[in-house]
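Structure record follows, encoded as structure tokens.
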Amino acid sequence: MVTRIHGFEVRPGTERIWEWLAGIPDPEMPYISIVDLGIVRDVRWHHDALNVVVTPTYSGCPARQQIEQNIVNTLLDRGVDPIRLETRLHPAWTTDWISAEGKSRMRAAGVAPPLSAPQGWQTLRFRPREDAAPRPDCPHCGSGRTRLHNEFAGTTCKALYLCDACSNPFEHFKSI
Numbered sequence: 001m002v003t004r005i006h007g008f009e010v011r012p013g014t015e016r017i018w019e020w021l022a023g024i025p026d027p028e029m030p031y032i033s034i035v036d037l038g039i040v041r042d043v044r045w046h047h048d049a050l051n052v053v054v055t056p057t058y059s060g061c062p063a064r065q066q067i068e069q070n071i072v073n074t075l076l077d078r079g080v081d082p083i084r085l086e087t088r089l090h091p092a093w094t095t096d097w098i099s100a101e102g103k104s105r106m107r108a109a110g111v112a113p114p115l116s117a118p119q120g121w122q123t124l125r126f127r128p129r130e131d132a133a134p135r136p137d138c139p140h141c142g143s144g145r146t147r148l149h150n151e152f153a154g155t156t157c158k159a160l161y162l163c164d165a166c167s168n169p170f171e172h173f174k175s176i
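For the sequence shown, counting from 1, position 77 maps to 77 in full-length UniProt numbering; every step adds exactly one.
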């Protein structure tokens with residue numbers, strides 16, 4: 001909260017602002033914060049304004065406006081004003097930016113976190129062979145005996161898998 005001491009404004013430090021932003025859930029996956037998802041890239045004061053840099057999971061993300069509004073509302077509620085939001089599309093968001101805490105929260109919510117993305121140049125595959133594609137472990141029982149059921153689940157960034165060990169369906173956050 002911006003306060004006045006002896007006539008001078010005292011702004012909150014960026015660590016405190018990161019804490020506030022970490023309390024904002026992703027609208028499509030409320031079990032993970034926008035900070036743990038890795039879309040808040042930078043927070044810094046520039047003169048009298050707070051600059052917040054956001055990289056959406058993809059440029060057409062339907063939750064983008066809601067996320068930006070939640071950021072502004074959270075900061076305004078704590079007395080931070082003015083706020084400048086910057087959308088940065090380069091470098092593109094990657095699932096490698098999801099924090100360990102975020103991946104843990106995904107698992108706890110029954111969603112398999114993304115597998116590690118391969119490094120370096122990759123051959124473009126339009127449809128990976130099922131037997132060659134890496135499979136996520138089941139977030140319910142931990143088994144690796146899983147199979148792809150559908151390329152798309154509740155959101156375009158997730159796929160639907162079935163576990164052959166415990167017979168539970170689960171969503172898997174795709175690696176990008």
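For every residue, glycine included, the Cβ atom is placed at its ideal position computed from N, Cα and C.
Point to revise | T95 in three-state terms, based on DSSP | key: Counted from its first residue, the sequence shown places residue 95 at position 95. T95: helix per DSSP, three-state reduction.
Point to revise | Boundaries (first-last residue) of the beta strand (DSSP E) holding N150 | key: Numbered from 1 along the sequence shown, position 150 holds the residue referred to as residue 150. Where N150 is concerned, the enclosing beta strand (DSSP E) stretches over 146–150.
Check your understanding: For E171, is the classification buried or exposed, using 16 other Cβ atoms within 10 angstroms of its Cβ as the cut-off for buried?
Key -> As a first step, residue 171 is located in the sequence shown; it is residue number 171 there, counting from the start. That one is buried.
Check your understanding: Within the chosen definition, does the segment 65–72 reach the segment 102–117 through at least 3 CB pairs nearer than 8 Å?
Key -> no
Point to revise | Within 7 Å, strictly: CB atoms of I176 and T74 | key: Position 176 of the sequence shown, counting from 1, holds the residue named residue 176. Position 74 of the sequence shown, counting from 1, holds the residue named residue 74. No; because the gap between Cβ atoms is not below 7 Å, this pair is not in contact.
Practice item. Please go through the UniProt domain "MIP18 family-like" (15–73) and give each complete beta strand (DSSP E) segment of 3 or more residues, from N-terminal end onward. Key: 40–46, 49–54
Check your understanding: For K103, which of helix, strand or coil comes out of DSSP?
Key -> Counting from one through the sequence shown, the residue named residue 103 turns up at place 103. Reduced to three states, the DSSP call for K103 is helix.
Review point. Would A115 pass as a contact of P134 if the rule is Cβ separation under 7 Å?
Key: By 1-based counting over the sequence shown, the position of residue 115 is 115. By 1-based counting over the sequence shown, the position of residue 134 is 134. Looking at the sequence itself, residue 115 is Leu, so the reference to Ala does not match. Going by C-beta atoms, L115 is nearer than 7 Å to P134.
Check your understanding: Is the beta carbon of V40 less than 7 Å from the beta carbon of I34?
Key -> Here residue 40 corresponds to residue number 40 of the sequence shown, with the count starting at 1. Here residue 34 corresponds to residue number 34 of the sequence shown, with the count starting at 1. For V40 and I34, yes; Cβs fall inside 7 Å.
Point to revise | Whole-angstrom C-beta distance between E101 and D36, which should lie under 8 Å | key: Taking the sequence shown and counting its residues from 1, one reaches residue 36 at position 36. Taking the sequence shown and counting its residues from 1, one reaches residue 101 at position 101. 5 Å between Cβ atoms; contact.
Practice item. Pick out whichever of P169, L148, W45 has its Cα sitting closest to the Cα of C141. Key: To locate residue 141, count along the sequence shown from 1; it is residue 141. Cα-wise, what sits closest to C141 is P169.
Exercise for review: Let me know if F173 comes out buried or exposed under the rule of 16 or more other beta-carbons within 10 Å of its beta-carbon.
Suggested key: Mapped onto the sequence shown, residue 173 falls at position 173. Buried, because 16 or more other Cβ atoms sit within 10 Å of the Cβ of F173.
Point to revise | For H172, the first and last residue of its enclosing beta strand (DSSP E) | key: For the purposes of this step, residue 172 is taken as residue 172 along the sequence shown, with counting starting at 1. Run containing H172: 169–173, per the beta strand (DSSP E) assignment.
**Study point:** Reduced DSSP category for L76 - H, G, I as helix; E, B as strand; rest coil
**Key:** The residue you call residue 76 lines up with position 76 of the sequence shown. L76 falls in the helix class under three-state DSSP.
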